[in-house]
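Counting in this note's numbering, the sequence shown tops out at residue 619, every number present.
Just so you know, even glycine gets a beta-carbon here, dropped at the ideal spot from N, CA and C.
I have placed the structure first, in the form of structure tokens, so that the comments after it can refer back to it.
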Amino acid sequence: MIHDRWRRQRAAYPTGRRRTSPSVVARLLLALALLAGASSAEAQVVYAANQIPVGDVEIDYRLTIEDPTFHIYTVEIEIQDIDADTVRLAMPAWSPGAYSIRNYARNVQNFQARSGRRPLQWKKIDKQTWEVSKQPDQDLFVTYEVYSTGLAHSMADVSPPALYMYVVGFKHVPVALRYEKPGSWDVHTGLPRRSGAYRASDYDVLIDAPAFVGEFKTLDFESDEVRYRMVFSDPEVEFVEEQVIGDVRAIVEAAVDVFGSAPFDEYVFLFKVRPNAGSGGLEPLNSTRISVGENDFASRARYERFLFVVSHEFFHLWNVKRIRPEILGPFDYTKEGYTNLLWVSEGLTSYYGRLLLLRAGIYAPVEYINSVTQEINLLQQSPGRFLMSAEEASWNTWVRSDNRENNSISYYTKGELIGLLLDIEIRARTGNEKSLDDVMRYLMTEYAGKGIGFPEDGFREALSTVAGSDFDEVYFQLAQSRTELDYDRYVEQAGLRVRAEFQPSSLYMGVQVTEGDGNSAEITRVIADSPAADAGFDAGDIIVAFNERRVTFTNFETKFRRRKLGEEIAVSVLRGQQLLSLELKPGETQTERRVIVEAPSPTEEQLELRRLWIGELD
């Protein structure tokens with residue numbers, strides 16, 4: 002997943018009992034036919050722990066979209082042949098790929114249960130679980146409503162974890178999903194459709210398949226006999242279709258080349274078009290959902306950002322969805338799932354997200370290096386890099402500090418840079434015979450291909466196994482230590498250096514400002530011992546005016562740069578409900594920036610490593 006964090010910043014089913022009915026026979030025949038004709042992609046085990054015999058148990062879902070203007074979905078679940086006197090259903094507390102507790106049960110209303118026409122007694126036993134009482138030989142029919150802002154007059158942006166309960170103890174049962182929707186609306190999802198329903202091998206796969214339901218702009222292409230569809234929520238969004246298809250196809254093919262084949266027959270890109278710039282994404286198994294600005298195709302920088310998100314999320318279908326830490330599937334949706342390895346799942350995906358743009362021919366080698374340089378400076382500007390390692394950042398994602406602007410780091414950023422350094426180190430140790438690609442392929446074969454996750458020490462062991470030498474010390478320094486990354490130790494092996502340069506002196510306030518509501522300039526961080534700290538500014542303050550002249554996020558930097566060194570500025574800030582006046586005396590600073598440059602007198606061996614890694618810089 003890429004969080005949507007790119008806000009701009011400055012410094013009706015049949016009911017009742019049935020045993021061997023025609024529908025059961027039909028299901029058996031269908032299953033046999035599918036097994037006989039299944040492709041290698043369809044036959045791949047995603048979660049081996051879910052391969053449990055299910056007997057006659059059947060679980061079917063129906064999602065009804067009746068009046069979108071009220072933002073209410075109706076969910077129906079038919080549960081057959083569970084031989085028990087109670088059945089529990091639960092809503093997830095969080096979504097795979099979004100590592101925060103959301104408590105989706107809060108939006109459930111009008112829960113009902115029956116067997117045939119007979120109402121059944123039920124009770125809620127905790128914040129997310131409903132318990133239904135029944136006779137052991139009774140089937141169960143549950144209905145409830147869910148309020149969702151993802152449902153609007155123009156479309157349904159379906160987020161399955163927020164809609165579908167699971168039957169406790171029966172997440173491994175194959176399920177079918179049907180839609181009742183306005184007649185002109187189409188359904189786009191990564192789930193295969195057979196016999197009038199969308200099919201999933203288990204609940205974990207069901208809720209890992211978002212859907213767009215409505216009328217959209219769609220583009221299709223094929224690559225290596227795999228079908229790809231791009232669905233844009235705004236049918237009127239404008240761009241050069243041939244360019245977008247060509248660039249996305251090139252990214253897809255570069256990613257597939259890493260592993261040799263795609264683990265699916267169809268893939269869907271769901272693009273939620275919105276007015277604002279920037280994009281974030283989420284990574285289901287056979288699809289992705291990405292938000293994109295309606296004008297992102299008109300700006301080269303924004304378009305490249307869009308392509309990076311596409312690349313990142315597409316690579317996730319291997320790394321994190323299949324190659325994953327043990328805790329990340331099958332999932333426990335009732336509580337947090339802690340791991341030290343999100344820097345591998347997300348950070349290495351960002352490394353490949355950028356590297357694939359190079360391999361796809363979208364970046365030239367120099368452009369790739371410049372892009373990496375930006376990530377180095379992003380990490381170097383994070384004060385939390387001395388207080389938190391990549392592993393700690395991964396573990397703490399569920400319990401983020403209120404002071405995270407000062408004491409945390411992004412495991413996306415540091416993980417990407419670790420990936421780059423590890424790739425170079427593997428290539429150097431093996432004479433370019435192996436690379437990080439081989440580590441990913443090893444994890445795919447040894448773990449993902451068997452439907453299991455790797456243990457907490459599994460990635461470190463994979464490095465040593467693939468490279469044929471011990472990686473414990475390197476792994477500790479890069480992933481477990483809080484010390485600075487020693488860039489030169491690694492990049493010199495590719496004939497490069499990371500040099501610190503000081504930018505020209507400039508006025509200095511000592512705050513980080515982000516865009517708040519209504520284009521307001523909101524302070525997210527105050528740097529210690531800075532002019533802003535001396536003047537009493539605080540994180541959360543909204544800058545309203547300089548010398549009684551209105552300040553917005555858009556004009557903040559321009560208005561500040563117009564001031565002179567030593568000039569006092571009367572700054573009006575809104576702190577909660579209180580309007581304060583603070584006296585700011587700007588200072589002067591030289592910003593240090595890291596740049597990647599050629600090392601002096603690189604050897605032929607170093608140049609060859611670089612050539613095989615990223616190509617020629619000239």
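Simplified DSSP state of residue i, which is helix, strand or coil
i: N371; result: helix
i: R401; result: coil
i: A600; result: coil
i: W131; result: strand
i: P161; result: helix
i: Y339; result: coil
i: E584; result: strand
i: Y443; result: helix
i: T559; result: helix
i: K273; result: strand
i: Y448; result: coil
i: F309; result: helix
i: I419; result: helix
i: T484; result: coil
i: E267; result: strand
i: E606; result: helix
i: E593; result: strand
i: E237; result: coil
i: A27; result: The predicted model places A27 with a pLDDT of 38, which falls under 50 and marks its position as unreliable; any figure quoted below should be read in that light. If DSSP states are grouped into helix, strand and coil, A27 belongs with the helices.
i: R323; result: coil
i: I60; result: strand
i: S149; result: coil
i: I570; result: strand
i: S41; result: Residue confidence is low: S41 scores 38 on pLDDT, short of 50, so the model does not pin down where it sits. Its coordinate-derived value is still stated next. In this structure, S41 counts as helix in the three-state DSSP scheme.
i: G414; result: According to the sequence shown, residue 414 is Thr rather than Gly. T414: helix per DSSP, three-state reduction.
Beta-carbon proximity of residue i to residue j, cut-off 7 angstroms
i: I53; j: H154; result: no
i: A365; j: G496; result: no
i: G416; j: G348; result: yes
i: T414; j: L380; result: yes
i: V367; j: R498; result: no
i: A163; j: Y105; result: yes
i: G281; j: S288; result: no
i: S312; j: G354; result: yes
i: Y491; j: E392; result: no
i: R595; j: A534; result: no
i: R428; j: L575; result: no
i: S134; j: T87; result: yes
i: L1; j: I324; result: Nothing about residue 1 can be reported from this structure: the residues present for the chain run from 2 to 619 only.
i: I246; j: L220; result: yes
i: L286; j: K322; result: yes
i: A571; j: N548; result: yes
i: D631; j: S436; result: Residue numbering for the chain in the displayed model covers 2 to 619; residue 631 lies beyond these limits and cannot be assessed.
i: E254; j: R228; result: no
i: V249; j: A212; result: no
i: A540; j: V552; result: no
i: P326; j: A50; result: no
i: A85; j: Q129; result: no
Buried/exposed call for residue i, threshold 16 Cβ in 10 Å
i: P183; result: exposed
i: V241; result: exposed
i: T446; result: exposed
i: I363; result: buried
i: V99; result: Note that residue 99 is Ala in the sequence shown here, rather than Val. Looking at its Cβ environment, which holds fewer than 16 other Cβ atoms inside 10 Å, A99 is exposed.
i: S602; result: exposed
i: P137; result: exposed
i: L329; result: buried
i: K273; result: buried
i: A37; result: In this predicted model, A37 has a pLDDT of only 36, less than 50, meaning its place in the structure is not dependable enough to derive any value.
i: S506; result: exposed
Proximity test, residue i beta-carbon vs the ligand GTP heavy atom, cut-off 6 angstroms
i: F222; result: The ligand GTP is not among the ligands present in this structure, which contains no ligands whatsoever.
Whole-number beta carbon distance between residue j and residue i, since they are thought to touch under 8 angstroms
i: L422; j: L486; result: 7 angstroms
i: S234; j: F260; result: The Cβ separation is near 30 angstroms, so there is no contact.
i: S201; j: V169; result: In the sequence as displayed, the identity of residue 201 is Ala instead of Ser. Not really, about 18 angstroms apart at Cβ, beyond 8 angstroms.
i: R461; j: Y448; result: With 8 angstroms as the limit, R461 and Y448 do not qualify as a contact, their Cβ atoms being about 14 angstroms apart.
i: I78; j: I60; result: 7 angstroms
i: V188; j: G452; result: No, V188 and G452 are not in contact; Cβ-Cβ is about 28 angstroms, not under 8 angstroms.
i: F561; j: L508; result: 7 angstroms
i: L585; j: P532; result: 6 angstroms
i: D258; j: A278; result: So it is not a contact: roughly 31 angstroms between Cβ atoms.
Interface flag, residue i vs chain D, CB-CB below 7 angstroms
i: S101; result: You won't find chain D in this structure, because it holds only one protein chain.
For this session: Ignoring anything shorter than 3 residues or poking outside the segment 67 to 129, list the beta strand (DSSP E) runs there in chain order.
Result: 73 to 81, 87 to 91, 109 to 116, 123 to 127
For this session: Please specify which runs of the alpha helix (DSSP H), each continuous and at least 4 residues long, are wholly inside the segment 158 to 213, giving them in chain order.
Result: 204 to 207
For this session: May I have a chain-ordered list of the beta strand (DSSP E) segments no shorter than 3 residues that lie completely inside the segment 494 to 558?
Result: 497 to 503, 507 to 509, 512 to 516, 522 to 527, 543 to 547
Exercise. Whole beta strand (DSSP E) runs in the segment 276 to 300 with 3 or more residues, listed along the chain?
Worked result: 288 to 294
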